[in-house]
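Participant:
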Amino acid sequence: MSTTAHEETLGFQTEVKQLLHLMIHSLYSNREIFLRELISNAADACDKLRYAALDNDALYEGDSELRIEIEHDEKTRTVTVRDNGIGMSREEVIKNLGTIARSGTAEFLKQLSGEQQKDARLIGQFGVGFYSSFIVADEVTVRTRKAGGDKAEGVEWRSRGEGEFTVADLEREVHGTEIVLHLKKDAKEFADDFRLRSLVRKYSDHIEVPVRMPKVETARDDEGNEIEGSEVTTWETVNEATALWVRSKGEISDDEYKAFYKHVAHDFSDPLTWSHNKVEGKLEYTSLLYVPGRAPFDLYERDGSRGVKLYVQRVFIMDDAEQFLPLYLRFVKGVLDTRELSLNVSRELLQQDPKVEKIKSALTKRALDMLKKLAKDKEAYQTFWNVFGSVLKEGPAEDFANREKIAALLRFSSTHTDSATQDQSLADYVARMQEGQEKIYYIVADGFNAAKSSPHLEIFRKKGIEVLLLHDRIDEWLMSHLHEFEGKRFVDVAKGELDLGEIEGEDEKKAQEETAKAKEALVKRVKEALGDAVQEVKVTHRLTDSPACVVLPEHEMGFQMRRIMEAAGQKMPEVKPILELNPSHALVERLEAAEGERFGDLALVLLNQAIIAEGGHLDDPAAYVRRLNALLTA
Ligand code: ADP
Ligand code: MG
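Going by full-length UniProt numbering, the letters in the sequence shown line up with residues 1 to 634, in that order.
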């Protein structure tokens, strides 16, 4: 047997080096997770072999009893994790244990700097995987052979985790993978039978593949004394070894649910909540869905991993089956096991199978219900919302049928609290509506402060009418798909006519009409002075403190959305704002008294200010400054 044949030493990809460095420093107090990661990989490898063997029994090479074995040796300070799963080819070893293939990795690692690097939670967000071996080991050896291959196709991979690794050909009788950790001196506690057994139970009870450890038994004589030399080693299964989702809910502890989550989601921290359902009847499936406690680093990556782990009749079929949940629920992780699909289903077939749509709509309901339940715990829901809220906001556009349900799950900032934290529900808003108020008012702006101090809110603040303050990039898009909630229409306070309905008394309306009449001449002069720059000029009663504001016609795309589209390179048709003047403001009175060039300058300054207050950009800001300065010094 030769282990040096075709030996080559290769460097880790830069990202791997960074990850190794970060991990060793940040996960020191969580070192035991290496075992969870290695068992998780071994279990995945067994799942993959079982799936591949559906078509080709020969892949088992006569050994179809899938299992994971763990051995240790205190003297040599080693721990070995072995599986008879799918194994790896030389190319796979180099790719899987030398690079990180997930998109967005480099970006993510670049963002972690200085103090953050010590933050275990941040690195956990990424999922540490195989490389976590180096938290406890100063040398790792992997011996593997692909199932169904020739015994000469084995590979040995070795590394000290210091920037490079060596791969060599290896003759290997059996398929599957064996990972030998040579423990660091200060990690020798892991070469201990009791410690290992308790870790296996803690992290791997839910894994269906048996995890076995050797047990030494010594025969005893009639008086109960051990008989020297009679030791026999047998393999003992240490974990529960039943797929978690198959067991009944009542038997499963929260800790078991959490441990299972870490395995399926490749996450490091606890989930916020979960929902486990067995459905029989017309559509048979078992689902176990989780809401993670934080965003994976690739949540906004186009090809970030999403979807559930798919099993058909308990046989693992694929990871990341994204066909069973809509995009706006892409943060949901978990398992779907169903009899409705055939074992040889592929990604392509999934797209055509009408049953997939049915299961998708059932899982969508489950997921939305799970969020509804979570919402009862305000604090937990806020954690969820802060992380995933802007993803859920994609919902109303994507999933028309569930619009009301999704709307009930949304959270917003509002003038009720004037806080940037989005924590007010639409139901809260409706419950606080004033007598005679029929609509849900909102404003969209580029940021919280811009929303909070928008001139459009003045009349609402004066009358104590609540307005939702929308300041996420996606908000205007969201509102273009939400028309009403509990029968109450949404109204953008920066668009169209201001209509407060019954909140305004007849007297008020009358007074407004009279003012409008009295200012007709002024309005005409301003329109003439501004010409094409505005669509229309009006007097308004929206304002109490500001002299003017700009408004868009009701069905126009809003200012914020236009800016987003323009920033994305879209050419937008020009739209002229409506300028509204506050008749009782001192500046407007001054305008009324002005003549000639001064009148034109003042009118333009008012328009420009209104555009700035809206978060807009001036075509010629320098001209505005000149004009304003001229007026200030006049
Ligand atoms: P992840 O499990 O999230 O994919 P890991 O770092 O844990 O990431 O593992 C990287 C890859 O290495 C796995 O996706 C798998 O392809 C391969 N791998 C790791 N351990 C084994 C094993 N015991 N048998 C077969 N392949 C393995
Ligand atoms: Mg893994």
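Each residue gets a CB set at the ideal place from its N, CA and C atoms; glycine is no exception.
When you measure from the CB of Gly569 to every non-hydrogen atom of the ligand MG, does any distance come out below 7 Å?
Facilitator: No, the ligand MG has no heavy atom inside 7 Å of this Cβ.
Participant: Grab me the residues of His416's own chain with a C-beta within less than 7 Å of its C-beta, minus the 5 sequence neighbours each way, in chain order.
Facilitator: Counting only Cβ-Cβ distances below 7 Å, and skipping sequence neighbours, we find Gln424, Arg432 and Glu466.
Participant: Applying the criterion that 16 or more other CB atoms from any shown protein chain within 10 Å of the CB defines a buried residue, is Trp235 buried or exposed?
Facilitator: So Trp235 counts as exposed.
Participant: Note down the Cα distance separating Arg473 from Gly596, rounded to an integer number of angstroms.
Facilitator: Looking at the two C-alpha atoms, the distance is approximately 42 Å.
Participant: In this structure, does DSSP put Tyr203 in helix, strand or coil?
Facilitator: Three-state DSSP puts Tyr203 in a helix.
Participant: Confirm the yes/no value for this check: CB of Tyr131, any heavy atom of the ligand ADP, distance under 7 Å.
Facilitator: For the ligand ADP, at least one heavy atom lies less than 7 Å from the Cβ of Tyr131.
Participant: Flag Asn608 as yes when its Cβ comes closer than 7 Å to any non-hydrogen atom of the ligand MG, and as no otherwise.
Facilitator: Incorrect: Asn608 has no Cβ contact closer than 7 Å to the ligand MG.
Participant: Identify whether Arg598 lies in helix, strand or coil by the three-state DSSP scheme.
Facilitator: It is helical.
Participant: Hey, would you say Gly148 sits closer than 8 Å to Asp169, going by beta carbons?
Facilitator: No, the pair does not count as a contact, with Cβ atoms beyond the cut-off.
Participant: Could you give the uninterrupted runs of the alpha helix (DSSP H) lying entirely in the stretch 232–300, keeping only those of 4 residues or more?
Facilitator: Here the runs fully enclosed are 254–265.
Participant: Beta carbon of Asn41: closer than 7 Å to some heavy atom of the ligand FAD?
Facilitator: Among the ligands present in this structure, namely the ligand ADP and the ligand MG, the ligand FAD is not found.
Participant: Roughly how many angstroms separate the alpha carbons of Asp418 and Leu54, rounded to a whole number?
Facilitator: Distance between the alpha carbons of Asp418 and Leu54 is about 60 Å.
Participant: Do Met370 and Val264 have their beta-carbon atoms positioned less than 8 Å apart in this structure?
Facilitator: Not in contact: Val264 and Met370 (Cβ atoms no closer than 8 Å).
Participant: What's the C-alpha gap between Ala152 and Arg143?
Facilitator: Near 12 Å, if we compare the C-alpha coordinates of Arg143 and Ala152.
Participant: Reducing DSSP to helix, strand and coil, say where Lys17 ends up.
Facilitator: Helix, per DSSP.
Participant: Go ahead and label Asn608 buried or exposed: buried means 16 or more other beta carbons lie within 10 angstroms of its beta carbon, across all protein chains shown.
Facilitator: Counting Cβ neighbours within 10 Å, Asn608 comes out buried, since at least 16 surround it.
Participant: Going by beta-carbon coordinates alone, are His72 and Ala191 separated by less than 8 Å?
Facilitator: Yes, the Cβ-Cβ distance between His72 and Ala191 is below 8 Å.
Participant: Please find out if some non-hydrogen atom of the ligand ADP comes closer than 7 Å to the beta-carbon of Asn30.
Facilitator: No; taking the cut-off as 7 Å, the Cβ of Asn30 has no heavy atom of the ligand ADP nearer than that.
Participant: To the nearest angstrom, report how far apart Ser361 and Gly615 are at their CA atoms.
Facilitator: Near 40 Å, if we compare the C-alpha coordinates of Gly615 and Ser361.
Participant: For the stretch 515–594, list the alpha helix (DSSP H) runs that are entirely contained and at least 4 residues long, ordered along the chain.
Facilitator: For the stretch 515–594, whole alpha helix (DSSP H) runs of length 4 or above, ordered along the chain, are 520–530, 559–567 and 586–593.
Participant: Do Gly161 and Val140 come within 8 Å of each other at the CB atom, strictly closer than that value?
Facilitator: Going by C-beta atoms, Val140 is nearer than 8 Å to Gly161.
Participant: Unbroken beta strand (DSSP E) runs of length 3 or more, entirely within the UniProt domain "Histidine kinase/HSP90-like ATPase" (30–187): which are they?
Facilitator: If we require 3 residues or more, the beta strand (DSSP E) runs fully inside the UniProt domain "Histidine kinase/HSP90-like ATPase" (30–187) come out as 68–73, 78–83, 137–145, 154–159, 164–170 and 176–183.
Participant: For Phe490, name the three-state secondary structure that DSSP assigns.
Facilitator: Looking at Phe490 - three-state DSSP - the assignment turns out to be strand.
Participant: With distances taken Cα to Cα, identify the nearest neighbour of Gly281 among Phe316, Glu231, Gly250 and Thr338.
Facilitator: Of the candidates Phe316, Glu231, Gly250 and Thr338, the one whose C-alpha sits nearest the C-alpha of Gly281 is Thr338.
Participant: Using the C-alpha atoms, what's the distance from Thr218 back to Ile86?
Facilitator: Roughly 35 Å between the two C-alpha positions.
Participant: Given a cut-off of 8 Å, decide if Ala494 and Gly558 are closer than it, judged by their beta-carbon atoms.
Facilitator: In contact: Gly558 and Ala494 (Cβ atoms closer than 8 Å).
Participant: Starting from the C-beta of Ile227, find all residues in its chain whose C-beta is less than 8 Å away, skip the five residues before and the five after it, and write them out in chain order.
Facilitator: Here the set comprises Thr218, Ala219, Arg220 and Asp221.
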